[in-house]
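Here's the structure we're looking at; comments come further down.
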Amino acid sequence: MRREPGGLYAAPSTIWLTVFFLAPLAIIVAYSFLTPGVRGGVEWKPTLDAYRAIANPTFAKVTLNTILVAIGATAITLLIALPCGYYMARSERQTLLLMLVMIPFWTNFLIRIYAWIAILGNEGFLNDILLALGLVDESVQFLYNRGAVMLVLVYTYLPYAILPLYSTIDKFDFSLLEAARDLGASKLGAITRVLLPNVKGGILTAFLFTFIPIFGAYAVPLLVGGTESYMLGNLIADELTKSRDWPLASAISLVITLVTTIGVLLLLRANGASTLGGAREAKAEPEPAFGGAR
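Under the numbering used here, the residue at position 165 of the sequence shown is numbered 168, and the numbers go up by one with no gaps.
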């Protein structure tokens, strides 16, 4: 019998994952259990000091702030991305709209952040307009606060939420919405009870594509945030470059990775279980979604 070369087909992806994911993760795990060197780096003396240091109240405060910013920015992003994805899926100019969504990717990430600094700065475009119109007497401090961080994060990761939502909604059978309206549902009711449950996979994907990178954001809170916008990404960078405590930075990174991975797996499991349960209920008891004519 001829042997299928399946292992050869999987070899490139296996090598890629090993070199660029598993090997760095193994280094982080190893460093987190070692002693920090005097001038940076590590000394090969096993210890749990890095994990004990995580119990510091400062770490808890930064973690809470990171969670609040990540949840708030993700929620705003999804609220904007849902109607955008819906409109794109129903539009006859999908190619043009897709191009408009992709345009930000043509510009460097840091350039886009500095563009927002030029807009929101004390001598920026927005303040110049407000002063020219006489709406304010002096420049408004739009930058270096939590609101500026959330604004730039939403702008940065909005395309990552729009694209999966558009892809999912585009495959939806919109005749189901018309059927729901015929059965007495309001327009909002048809969307919440018919459309949203059927595009739940796209919503979950959009959530993961935005929440995870926002949770580990570094450049945005560094450039447009203040002391109240200090996040875990900034803490890890400071431990590496300023405190030179590589084990503590590795321990924080490892804890974030584990918590994020567990959260993603739980969300995927819950989504799969609810989808399977809904399919079983529909198969066992196929009734109309709305009251009225039967």
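Glycine included, C-beta positions come from ideal geometry on N, C-alpha and C.
Taking the beta carbon of residue i as the centre, do at least 16 other beta carbons fall within 10 Å, making it buried, or is it exposed?
i    : result
S16  : exposed
A287 : In this prediction, A287 scores a pLDDT of 47, lower than 50, which makes its location untrustworthy; no coordinate-derived value is stated.
L67  : exposed
P39  : buried
M102 : exposed
V157 : buried
L11  : exposed
G43  : exposed
L257 : buried
L81  : buried
V72  : buried
G205 : buried
So, under 8 Å CB-CB, residue i and residue j are touching, yes? Tell me the CB distance rounded to an integer number of Å.
i    : j    : result
L218 : T69  : Correcting the residue type first, residue 218 is Phe in the shown sequence and not Leu. So it is a contact: roughly 6 Å between Cβ atoms.
Y34  : P167 : Rounded, the Cβ-Cβ distance is 34 Å, inconsistent with contact.
N274 : K174 : Their Cβ separation, rounded to whole angstroms, is 17 Å, which puts N274 and K174 out of contact at 8 Å.
A2   : A164 : Outside the displayed range of the chain (4 to 297) lies residue 2, so it cannot be described from this structure.
G266 : N148 : Not confirmed; about 28 Å, so no contact.
L129 : F145 : 6 Å
T50  : R115 : With a Cβ gap of about 42 Å, T50 and R115 do not count as contacting.
In three-state DSSP terms, what is residue i?
i    : result
A46  : Note that residue 46 is Glu in the sequence shown here, rather than Ala. Three-state result, E46: strand.
V197 : helix
V41  : strand
G332 : With the chain covering only 4 through 297, there is no way to say anything about residue 332.
F128 : helix
G266 : helix
ask   = Taking the runs of the alpha helix (DSSP H) that are 4 residues or longer, which of them lie wholly in the segment 210-248?
value = 222-227 and 235-244
task = Starting from the N-terminal side, write out each stretch of the beta strand (DSSP E) that is 3 residues or longer and does not extend beyond the segment 50-115.
result = The segment 50-115 contains no whole beta strand (DSSP E) run of 3 or more residues.
ask   = Counting Cβ pairs, one atom from each stretch, are 3 or more of them under 8 Å apart for the segment 233-247 and the segment 105-125?
value = no
ask   = What are the complete beta strand (DSSP E) segments, minimum 3 residues, inside the segment 127-161?
value = none
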